[in-house]
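Since the structure comes first, as structure tokens, the remarks are kept for the end.
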Amino acid sequence: MSATLGTGNGAKPSKTPNPYFISPKNPKNVHHIAGIPVEFPYKPYGTQLSFMYRVISTLDRAQKDGHCHALIESPTGTGKSLSLLCSTLAWQKNYKINNIKGILSQSIPDPEAVTDPLGHGGGFIPETQPSTSSIPSSSISEPPQNAANSKNKKKMLAPTIYYASRTHSQISQVIREYRKTSYRVPMAILASRKHYCTNPHVSKENIDEECKLLLSQEEGCSEFKNMHKVKCHPSVQKGGCHEAHDIEDIVKIGQVVKGCAYYAARSMADDAQLIFCPYSYIINLVIRGAMDVDIKGAIIVLDEAHNLEDIAREGGSVDLEEDALHKLQMELHQLKMIKADVYQPLSEMIMNLISWIEQTKSKLEATNESKHYFSSWTGDKAVRQLQEANISQQFFPVLLECATKAIRAASDTESDVLHLSGMSVITLEGCSLH
Ligand code: SF4
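Just so we're aligned, residue 1 is where the sequence shown starts under UniProt numbering, counting upward by one.
Below, the structure written as structure tokens:
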């Protein structure tokens, strides 16, 4: 299943903020919403209850139909993020409980459960009912053997929640709300090296390139070798003071243990059931592929979704320098001798793009006296220009797949195989996304 929840602000709230009232009769403030228990840190307003009802019924429907989307609007200051977090986490928890019940009931066959659907947790039938032969019940508590296994186990237990926001300060605000809830699940925040890098000798200006260069050298980055010390730090484990953490917490731990916070966060995302990230990690196909973000069957929350139009526009724009294209072409030309199936199509695409730029430039130079000339095409005309450069839509899936493989090969720090330089990866990312 997959579910997308887009939220936005509506008009200003007409009421004063919710008084932080907890009834002595219901100290955990558990509310039964759309058939499941939801723990909410305060006594919820009617609008919050209806917001959470809508979220939960969307998730139920996504589970039934395979996918479902909801666009939910709520005024600023009405506890939107808190309602979203509590309802999605409550639904995920309920899913896990029912899934585990399903596994356990399969290990002790119950003849009634076969014929009576109410035997599956009050009518709840997990979409993927893992068989005892494929998932032993003991595997739920087993430590993950590797990233792929860990991801598969995580997926089978419950859908991962991706909570996407525009900026890191918005993510920090949501994490403050998450800390107010009683829910705690393995979590991670995906962000760039600029936010996470803990190597004091790497300049923040050219960080992606410097990091990739450093990791391709024999001595590597000493922080990278200590990445596990960040991931396994007691404070981020269950019950630790940073179990619900922000980027700064992970960076501070990285500075103390001299370990890389960036790769630690990426590794934590493999096991996480709640992942915070900027929109681009969800929307941008190449970033998603290169960062191993697997949204299949996930619950996706796009907070402040009214920003999406701008984000999509920004994501579809790129500045390309001719020198960078020539450098990329030179590297692709060398790499295609080693791995033609990945690098040959990319090399041809970049060669065609360079020749098209040359031709277009000559035409413009011939018709303009000023040196500051430009051309612009829209819609079908732009597509025709690309076709003139032999780049047509039918090749896009192949090119996208090759670009994803090439970018991933360059990010694989443990591989000795020749790959693109950091600078060329950035150029290729730009070309592939737009
Ligand atoms: S491996 Fe980590 S700490 Fe080292 S340069 Fe790259 S991002 Fe920075």
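Just so it is clear, CB atoms sit at the ideal spot from N, CA and C, and this is done for glycine as well.
Distances from the CB of V202 to the heavy atoms of the ligand SF4 include at least one below 7 Å.
When DSSP states are grouped into helix, strand and coil, V318 belongs to the coil group.
In this chain, the alpha helix (DSSP H) harbouring I171 covers H168 to K180. Not one heavy atom of the ligand SF4 lies closer than 7 Å to the C-beta of R266. The closest heavy atom of the ligand SF4 lies 7 Å or more from the beta carbon of L190. With 16 or more other Cβ atoms inside 10 Å of its own Cβ, L85 counts as buried.
If you look at M52, you'll find it in the alpha helix (DSSP H) that goes G46 to D65.
Counting along the chain, the unbroken beta strand (DSSP E) around M187 starts and ends at M187 to I189. DSSP, reduced to helix, strand and coil, places S203 outside both helices and strands of the structure shown, so it counts as coil. G297 sits in coil when the DSSP states are folded into three classes, being neither helix nor strand. In this structure, DSSP gives L418 a state outside helix and strand, which the three-state scheme calls coil.
The shortest C-alpha to C-alpha distance from H67 to any of I357, F40, I295 and R288 is the one to I295.
Look at T88 here: in three-state DSSP terms it is helix. In the DSSP assignment, I36 falls within the beta strand (DSSP E) that extends over I36 to E39. Placement of the Cβ of L215 at a distance of less than 7 Å from at least one heavy atom of the ligand SF4 is found. Boundaries of the beta strand (DSSP E) harbouring I161: I161 to S165, taken from the DSSP string. In the structure shown, G6 falls within a strand segment according to DSSP collapsed to helix, strand and coil. Between the alpha carbons of K327 and S424 lies a distance of about 7 Å.
Set against 7 Å, the gap from the CB of N199 to the closest heavy atom of the ligand SF4 is smaller. Contact annotation: Q344 and A158 have beta-carbon atoms that are not nearer than 8 Å. Beta-bridge partners of A70 (DSSP): L5.
Annotated as distal: L213 and G35, with beta-carbon spacing of 8 Å or more. Residue environment: T76 is assigned as exposed (fewer than 16 neighbouring CB atoms within 10 Å of its CB, all protein chains considered).
The residue among V342, Y95 and W91 with its C-alpha nearest the C-alpha of A403 is V342. Pairing V174 with F276 gives a Cβ-Cβ distance under 8 Å.
Beta-bridge analysis with DSSP links C277 to A164. Going by beta carbons, S347 and H333 fall inside the 8 Å limit. Between V236 and H228, the C-beta spacing is not below 8 Å. Distances taken from the Cβ of E248 to the heavy atoms of the ligand SF4 include none shorter than 7 Å. Y196 and Y281 do not touch by the CB rule: their CB atoms are close to 14 Å apart, not below 8 Å.
Here I338 is exposed, its C-beta having fewer than 16 other C-beta atoms within 10 Å.
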